[in-house]
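2 protein chains.
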Amino acid sequence: MDVKKKLAEAYYRTTYPMLGHGKRNLHVLQEVLQGMDGDLASDMYGTGAVIEQFQSEMAAHLGKEAAVFFPSGTMAQQIAMRIWCDKASIKRVAYHPLCHLEIHEEDGLKELHGIQPVLLADKERVIRLEDVVNMQEEVACLLLELPQREIGGQLPEYEELEAISAYCRKKGIRLHLDGARLFEVLPYYQKTAAQICQLFDSVYVSFYKGVGGIAGAILAGDKLFAEESVIWKRRHGGDLISLYPYILSAAYYFQKRKENFPAYYEDAKELAALYNRCHGITTKPLVPVSNMFHVHVSLNREKLAQLLLSLYEETGVGFTHGLYAAGEDACYFEVSVGDCYPRIPKEIGRQAFAVLDRKMKEFME
Amino acid sequence: MDVKKKLAEAYYRTTYPMLGHGKRNLHVLQEVLQGMDGDLASDMYGTGAVIEQFQSEMAAHLGKEAAVFFPSGTMAQQIAMRIWCDKASIKRVAYHPLCHLEIHEEDGLKELHGIQPVLLADKERVIRLEDVVNMQEEVACLLLELPQREIGGQLPEYEELEAISAYCRKKGIRLHLDGARLFEVLPYYQKTAAQICQLFDSVYVSFYKGVGGIAGAILAGDKLFAEESVIWKRRHGGDLISLYPYILSAAYYFQKRKENFPAYYEDAKELAALYNRCHGITTKPLVPVSNMFHVHVSLNREKLAQLLLSLYEETGVGFTHGLYAAGEDACYFEVSVGDCYPRIPKEIGRQAFAVLDRKMKEFME
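So the sequences go chain by chain: A and B. According to our numbering, the residues represented by the first sequence are 1 to 365, in order. According to our numbering, the residues represented by the second sequence are 1001 to 1365, in order.
And the structure:
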């Protein structure tokens, strides 16, 4: 068996896996359905109480006129870009070089919609006002991802967001929020979702990241935007006869966890500090601004995997199930804090980090 | 309340609703999950035992090298068209004027893929060999829907299918099967699914029609076709982190109902004969060739709705929940036979049809 698979399996066998809310297994759905009335009618191609009620609730929560449930964020965001491009008769949008649309969607935006991106900022930092002001090309829409996941979940300051929003409104550039982890950044900004969203013309939020649902997304904006997105949803093949397995779980876990995001954020800062005290380890950002961060380690992937396998064996604590290379002698992994981390007894966690620190010194010699 | 809504509500209140397998409610999913092991791991973006195993089983069942699970047939079929068009460098496909892609998908094929259709045959009949032979335009692919749903579920004879398939192979035209109701036509053809599918280069089947699952589709073909379809699935936003609610229900209900299709077909013929004995009523086709048919009635929608409301009240038998206009003085509705029809006691069914016949005479005066 390769080390990658070995590490994942060892992680899931630990007594105290540290990431997120736990395993993505059937129990996640069973918990939602148990005790629910079997007579509850399915949604039917976007209509019916199950979907309409959740859409209304999310529109209100995000402070938008209307919200539409989608099976995926990939679909929702391409459609948002298409609507704004059609409206402006400009087939160009601006986003970060590590935007989900650029690196994780097999170029759907280009291949299906013929929309070309303008890449703003460099890969190491978030988009700033000056990037937008200095943009040479005319674009229909600017997409901002809060937090910028691929660089550890970094954020611009709220004042800079306001300035970007004001500039875009002045210039007639639509502003779209990739809010895959929107709820996760509210504690840092000390704002409500609606306060953040009022800076944007359209907003996407996800229900299987911090919320911990099964899949699915909401796309919100004004009424006309929402109506057009429903037509595009059908074109994309996303207007399923029944989306209720995703909707019910999104509603259930949003209700269950919506008050927990401040705690996840505090835990993330505590956990990052523990990592940063270890030999050869630095988190990015150094102090998290959401429930997520990246852990950069001065060992190659192979060596760190060996280290982690022995660490899990010795401590029973699981740190990560996967590693990404970062040059020849370094690698990193992503941490999202959810319900699992606070379940680790403090003393066991402290000891596990002491063992990690010791092993890092050994392995780096 | 309008008559349309009234009719639907009255239908679902009847003791013996006649159509399909019954209500699309949460119980359909609960039945699948009850007793299943909560530790079962979710699929992850198209990988994992849950999805891989079902895809293998369906590939074998359809006699194809590979099969890919999709959230919807709309997505699967547009992608099949795109793959064949790209391969042939021709942006045109041929299909029936009442093809799902033409009338139910908001022109996704044109708007997302830039593919233009050539419409074969007229709206009243299925595509024949001579339509294909006489086609003037060059096309990458011909799509055949078996049975042709919008005209009551009609079918070409098997020998004609073979001839069309042979002609397309000779001419280098890819042949795609819209098999939304493929399992439903096997009893008429007296063939296995694999025997039908070997006439086609690519095949789509659905799991929420005759099978009675929640949503979802399989697209099958050769290995390269399947691999390409996975890339397009991601582009469309259909490569969800978890599709298991649909996959588990598709597998469960396929297993539960796969032997029932001959009985549904026999019941459909019996039921159509009952309709055809009524005053002012004709089914299309006159003798069904699958589990479905259309019921054409010589009354306008308003009048027939009134008739049906009183019929349901008097007999407790539900005939349909919706009506479609067909000119000024006629309308029709669709019948799909599943688990509900055989639950109606024979004598109650016979009496209900006698009442229908009597009321038709009254209403047509």
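Glycine included, C-beta positions come from ideal geometry on N, C-alpha and C. Please read all numbers here as calculations on a predicted model, not as lab measurements.
Of the residues B/H1027, B/M1018, B/V1050, the one whose Cα lies closest to the Cα of A/L26 is B/V1050. Using a Cβ-Cβ cut-off of 9 Å, B/V1185 does not count as an interface residue toward chain A, since no Cβ of chain A sits closer than that to its own. Selection B/Y1253, B/Y1158, B/G1020, B/E1031 evaluated against B/F1054 yields B/Y1253 as nearest (Cα-Cα). The straight-line gap separating the alpha-carbon atoms of B/L1307 and A/A226 is approximately 39 Å. Under the 10 Å beta carbon count, B/P1262 is surrounded by fewer than 16 other beta carbons and is classified as exposed. Within chain A, the C-beta atoms nearer than 8 Å to that of B/N1025 come from G38, D39, L40, A41, S42, in chain order. Beyond the five residues adjoining it in sequence on each side, B/G1048 comes within less than 8 Å, by CB distance, of A1041, S1042 in the same chain, given in chain order. Those residues of the segment 66–80 of chain A placed with their C-beta closer than 7 Å to a C-beta in chain B are P71, S72, T74, M75, Q78, ordered along the chain. Under the three-state reduction of DSSP output, A/V93 falls in the strand class. In this structure, the CA atom of B/G1280 is about 24 Å from the CA atom of B/I1344.
Contacts between A/I214 and chain B, judged by CB atoms closer than 9 Å, involve S1042, L1240, I1241, S1242, Y1244, P1245 in chain order. Residue ranges of uninterrupted beta strand (DSSP E) with 3 or more members, entirely inside the segment 1286–1320 of chain B and ordered along the chain, are 1292–1297. For the set A/D339, A/L271, A/V295, the Cα lying nearest the Cα of A/K256 is the one of A/D339.
Residue contact with chain B for A/W232: present (Cβ-Cβ distance below 9 Å to some residue of chain B). The C-beta of A/E227 comes no closer than 9 Å to any C-beta of chain B. Contacts between B/L1112 and chain A, judged by CB atoms closer than 8 Å, involve L112, H113, R235, H236 in chain order. Between A/Y208 and chain B, the shortest Cβ-Cβ separation is below 9 Å. Taking 9 Å as the cut-off, the Cβ atoms of B/Y1265 and B/P1288 count as close. B/A1272 sits close to B/F1293, with the two beta carbons spaced by under 9 Å. Contact annotation for A/E106 against chain B: I1231, R1234, R1235 [CB-CB distance below 7 Å, chain order]. In the structure shown, B/F1333 adopts extended strand secondary structure according to DSSP, grouped into three states.
At a beta-carbon threshold of 7 Å, the residues of chain A lying near B/Q1030 are L33, G38, ordered along the chain. Among the residues facing chain A, B/L1161 is not included, as its CB has no counterpart in that chain under 9 Å away. The segment 119–168 of chain A is shown to contain whole alpha helix (DSSP H) runs of 4 or more residues at 129–133, in chain order. Any Cβ of chain B closer than 9 Å to the Cβ of A/L248 would place that residue at the interface, and such an atom is present. According to the DSSP assignment, A/V205 belongs to the beta strand (DSSP E) that extends over 202–206.
Boundaries of the beta strand (DSSP E) around A/H176: 174–179. As summarised for the segment 12–81 of chain A, the continuous alpha helix (DSSP H) elements at least 4 residues long and confined to that stretch are 26–33, 49–62, given in chain order.
Under the three-state reduction of DSSP output, B/K1258 falls in the coil class, being neither helix nor strand. Using a Cβ distance threshold of 9 Å, B/V1118 and B/R1082 do not count as a contacting pair. About 5 Å separates the beta carbon of A/Q77 from that of A/Y204, a gap short enough to meet the 8 Å contact definition. In the displayed model, B/P1187 falls within a helix according to three-state DSSP. B/A1250 sits in a helix when the DSSP states are folded into three classes.
No Cβ-Cβ contact shorter than 9 Å links B/L1155 with B/S1336. For a cut-off of 8 Å, the C-beta gap from A/C197 to A/I173 is around 17 Å, too long to register as a contact.
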